[in-house]
Amino acid sequence: MSQLSQKHLLGIKDITRKDIELIFETAASFKEVINRPIKKVPSLRDITIANIFFENSTRTKLSFELAEKRLSADIINFSSSGSSVKKGETLLDTVNNILAMKVDMVVMRHSSPGAPHFLAKHIDATIVNAGDGTHEHPTQALLDTFSIHQKYGSLEGLKVAIIGDILHSRVAISNILALKLLGAEVMVCGPNTLLPKYIGSLGVKVELDVKSALQWCDIANVLRIQLERQQIKYFPSLREYSLYYGINKRLLEEVDKEITIMHPGPINRGVELNSDVADSNHSIILEQVENGVAVRMAVLYLLAGRH
Ligand code: CP
């Protein structure tokens, strides 16, 4: 069996184009499986997976859980609210207690950048990063690029604009790394205050005007304003942000070209994206969610093969 180059999936930074191609190939097979009347395979029957979420999640948590169930893994779910973390237990103690129950793989979301990397140094189980603070969200980038691959057949030479709050976005960083590995051209667009100073060093174009970004791109991946990570004001008001950076039907008609609209969710409707675009046939947002299950099945299956 072909294998991934890494024991863990901590970030796109650590994997190769070959790894991504293997994940896509495997995900395409699993996509067929989950569209059959019997959606389950016995591939991970002997594997126990702990999903440990120290930060809120809807899509990622449900998607991993469904992927694990479709692969017949045994699973346990942990969320920090209602746990002994509230009594002062450390991350390492919490995870070691979970691992003492003979867990093979850990899927972890944490608000601190580097938390899954820290764990990977201290425990034997395979770790999958389900989002660490503002750092990386590798499975989101894999499902986003897989969705583009499914629609266009290849990412080579495609122009992708990532629009919104780049400064606080782990999705942006992981997407930039994955898109560039696969040969796409990448632009980031947002107000100057929401673009990190180092962003040019990642080899992306930078654009402040959303209409120019839309005129340039084939695909726009629109990101949410992450108010929960903002300690200071980066723009005067959400209304003003929406006026200058919100994507609506009128703006797309002015640009007058075929653009695919993506969003990792959750959407703040009426802020970064209007319903007349989010729910239109330009949008592949729900395909992204569907593909997320197949991609996460592929990641878990391939990592378990190394286990
Ligand atoms: N896209 C994403 O990570 O969504 P959740 O925060 O709901 O998991």
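Read in order, the letters of the sequence shown are residues 8 to 314 in the working numbering. C-beta atoms are modelled at their ideal positions from N, C-alpha and C, and glycine is treated no differently. Here the structure is a predicted model, which means the values were calculated and not measured.
In terms of DSSP beta bridges, what is Ala168 paired with?
Met194, Ala227
At a cut of 8 Å, does the stretch 194 to 205 reach the stretch 35 to 50 through at least three beta carbon pairs?
no
Let me know the alpha helix (DSSP H) ranges lying completely inside the stretch 225 to 300, each 4 residues or longer, listed in chain order.
245 to 252, 256 to 262, 282 to 285
Going by Cα to Cα distance, which pick from Glu96, Ile226, Lys128, Ser119 is closest to Ala137?
Ser119
So the candidates are Gln222, His129, Ile30, Gln237; which of them puts its Cα closest to the Cα of His175?
Gln237
Indicate whether the contact test is met: 3 or more Cβ pairs, each with one atom in the stretch 114 to 134 and one in the stretch 156 to 173, closer than 8 Å.
Proximity of the stretch 114 to 134 to the stretch 156 to 173 falls short of the contact definition, fewer than three beta-carbon pairs being nearer than 8 Å.
Give the range of the beta strand (DSSP E) segment to which Thr141 is assigned.
No beta strand (DSSP E) contains Thr141, which DSSP labels as neither H nor E.
Reducing DSSP to helix, strand and coil, say where His156 ends up.
helix
Could you tell me the alpha carbon to alpha carbon distance between Tyr251 and Gln13, rounded to whole angstroms?
42 Å
Whose C-alpha, out of Phe242, Gln222, Gln295, is nearest the C-alpha of Met269?
Selected option, being the one with the closest Cα: Gln295.
Hey, quick one: how far does the beta strand (DSSP E) through Ala122 stretch, first residue to last?
Note, Ala122: premise wrong, no beta strand (DSSP E); alpha helix (DSSP H) at 122 to 129.
Suppose the cutoff is 8 Å on Cβ atoms and the five residues either side in sequence are ignored; what does the same chain contact list for Asn298 look like?
Ala34, Lys38, Leu150, Phe153, Ser154, Gln157
Helix, strand or coil for Leu150 per DSSP?
Collapsing the DSSP output to three states places Leu150 in a helix.
Which same chain residues end up closer than 6 Å to Ala168 when comparing Cβ atoms and leaving out the 5 residues on each side of it in sequence?
Met194, Cys196, Ala220, Cys224, Ala227
Name the residue from Tyr241, Asn255, Ile83, Ile19 whose alpha carbon lies nearest to the alpha carbon of Asp172.
Checking every option, the nearest Cα to that of Asp172 belongs to Tyr241.
Excluding sequence positions up to five away, which residues of its chain have a Cβ less than 6 Å from the Cβ of Pro271?
Gln147, Val178
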